[in-house]
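Engineer:
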Amino acid sequence: MKLLNYTLAFLLLLSISHIPLLSDDKEDEEMLHKIDSVYEFEQIINIESTNVKNQSRSGTCWTFAGNSFIESELLREGKGEIDLSEMFIVRNIYPEKADIYVRYMGAIQFGEGAESNDVMRSIEQYGVVPESEYSPRPESGYLNHVEMSGILEGLVKRVVATDPSNRTTKWKKAFNSVLDAYMGEVPTKFKVDGVEYTPLTYRDHLGIDTKNYVDITSFTHHPFYDKFVLEVPDNFSHGEFYNVPMKEMLEITEKALGNGYSVDWGADVSEPSFESKYGLAINPADMKQMILDKDAIVWDSVYTELDITQDIRQEDFDNYLTQDDHGMHIVGIVKDKLNRKYFVVKNSWGTKKRGHDGYIYVSFSYFMHKTTGITLNKKGIPANIKSKLKLN
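Mind the numbering: the sequence shown is residues 22 to 413 in our numbering, read in order.
1) Just to confirm my understanding: we take I19, look at its own chain, exclude 5 residues before and 5 after, and list those with CB closer than 7 Å. What are they?
2) Please name the residue or residues paired with A302 in a DSSP beta bridge.
3) Alpha carbon to alpha carbon, what distance is there between H54 and F131?
4) Using a Cβ cut-off of 9 Å (strictly closer), state whether Y263 contacts chain B.
5) Between N405, L359, D337 and L397, which has its C-alpha nearest H389's C-alpha?
6) Would you check if the distance between the CB atom of N72 and the CB atom of D104 is smaller than 9 Å?
7) Straight-line CA distance for K399 to L342?
8) Once DSSP output is grouped into helix, strand and coil, what is the label at F131?
9) Measuring only the C-alpha atoms, how far is V123 from P185?
10) On the three-state DSSP scale, how would you describe H54?
11) Would you check if there are 3 or more beta carbon pairs closer than 8 Å linking the region 342-353 to the region 280-296?
12) Let's test the definition: count the other Cβ atoms within 10 Å of the Cβ of D418 and tell me whether it reaches 16, buried, or not, exposed.
13) My output table needs one value for Y223: the three-state DSSP class, helix, strand or coil.
14) What does the alpha-carbon distance come out to for the pair Q64 and S153?
15) Beta carbon of T84, beta carbon of E145: below 9 Å?
16) Inspect the CB distances between the region 261-276 and the region 232-241 and report whether three or more fall short of 8 Å.
17) Between Y125 and G260, what straight-line distance do the alpha-carbon atoms span, to the nearest angstrom?
18) Please go through the region 123-210 and give each complete alpha helix (DSSP H) segment of 4 or more residues, from N-terminal end onward.
19) Could you pull the start and end residues of the beta strand (DSSP E) that L397 belongs to?
20) Tell me the rounded alpha-carbon separation between S297 and S291.
21) Let's see if you can read the secondary structure: which residues bound the beta strand (DSSP E) around T238?
22) Would you list the one or two residues that DSSP bridges to K212?
23) Find out if the Cβ-Cβ distance for the pair E48, T81 is shorter than 9 Å.
24) Let me confirm a value: P254 is counted as buried when at least 16 other C-beta atoms fall within 10 Å, else exposed. Which label applies?
25) Counting pairs of Cβ atoms below 8 Å between the region 374-382 and the region 320-327, do you hit three or more?
26) Beta strand (DSSP E) containing Q64: first to last residue?
27) Could you have a look at L43 and say whether DSSP puts it in helix, strand or coil?
28) Let me check one thing: in DSSP terms, what residues is D285 bridge-paired to?
29) State whether the region 161-181 contacts the region 206-226, with contact taken as three or more CB pairs (one from each stretch) at a distance under 8 Å.
30) How is L105 classed by DSSP in three states: helix, strand or coil?
31) Can you give the Cα-Cα distance for S70 and Y282, rounded to whole angstroms?
32) Excluding the 5 residues preceding and the 5 following K193 in the sequence, name in chain order all residues of the same chain whose CB lies nearer than 6 Å to its CB.
33) Select from N88, R112, F62 and I333 the residue whose C-alpha is nearest the C-alpha of L397.
34) Buried or exposed for P244, please, with buried defined as at least 16 other CB atoms from any protein chain shown within 10 angstroms of its CB.
35) Assuming A86 contacts S384 (C-beta within less than 8 Å), just tell me the rounded distance between them.
Structure (structure tokens):
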């Protein structure tokens, strides 16, 4: 009887503990519907894309965004829906990051982040494989790189701290062994529809040419229409970005979408008005107050947004208020009842409690303010801007 009482008490406690969660879920769903009813979004452009994925507890948004972008390119080219392995890219990039970290004697960041150019470089050097051939996930099905990344970081820090007279290159073998233990060895050969490929021949079979893609940003501390190495921590490989005025960066993105080309997007998502669970990212005029008090966002009206200038954008980048937080994939445009436009952004945080089934509507104002870089097919760039950049 005592055991029964304890059991009943435990079950009661368990049921009570779930009430707030269920309540929160309902409140979030109601808020999402409220926001949609206030803004009255209408679709303008929708580019075909593959299913939304979940990067879970891994800092690998850059490859989820990059792979999704390439998958949409394959769809655009009529090659069907291909599910490419994100972790194959991660597995190949990690040793490069470790090598650079050691060569710089630990004076750069070693983390899970990278940029879209690293996806392209990996595809160029190592090829691609289907998700079905390399999908290193635990039994839960959710990625969790917390332990692995901690061990890898500890290893390279130990190498840097070792007296040069005692240092060897054996650490590289140990580093790869850790990756193999957690992620598995990468496939060297595999079959798709009965045909055998290597990662490089599969890339060629799909017709992925990384030379078709360019990285673009907009900052005033470098000349416009030239290339420069974007100074953000995750750009460990010193990838170069073409520099254009802010409004031309917006024009490039909008017109590319209008012509059927999607865009890989890197941005700061730390602002309180970037609300993934409601599927909306806006740039309110009183943004600075919202940063201090997130409860100030009530989402009960169409907010007046900041009129972003190049100087405002630059100031926030210079003061670290704009960082390279997250990589995503722009696949469309919607407008609200005031005819203001928003980019439809495919995220990699799953679909549960993630706005419009994993998609976020990002206002043009937010995009101009908080974008760190975009990647797209150079065929999607307007001819007049392409000429300024001297792109073929």
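All C-beta atoms in this analysis are idealised placements derived from N, C-alpha and C, irrespective of residue type, glycine included. All of these numbers come straight from a predicted model, not from anything done at the bench.
Structural biologist: Quick look at the numbers:
1) This structure cannot settle anything about residue 19, because the visible part of the chain is limited to 22 through 413.
2) F295 and V383
3) 41 Å
4) No chain B is present in this structure, which holds just one protein chain.
5) The sequence shown places Met at residue 389, not His. Of the candidates N405, L359, D337 and L397, the one whose C-alpha sits nearest the C-alpha of M389 is D337.
6) yes
7) 29 Å
8) coil
9) 12 Å
10) helix
11) yes
12) What is shown of the chain runs 22 to 413, which leaves residue 418 out entirely.
13) helix
14) 33 Å
15) no
16) yes
17) 16 Å
18) 137-147, 167-182 and 192-204
19) T392 to N398
20) 11 Å
21) Y234 to T238
22) E217
23) no
24) exposed
25) no
26) E63 to N67
27) Because L43 carries a pLDDT of 48, less than 50, the predicted location of this residue cannot be relied on, and no value is offered for it.
28) H350 and T396
29) no
30) strand
31) 11 Å
32) none
33) N88
34) exposed
35) That belief does not hold up - the Cβ atoms of A86 and S384 are roughly 19 Å apart, past 8 Å.
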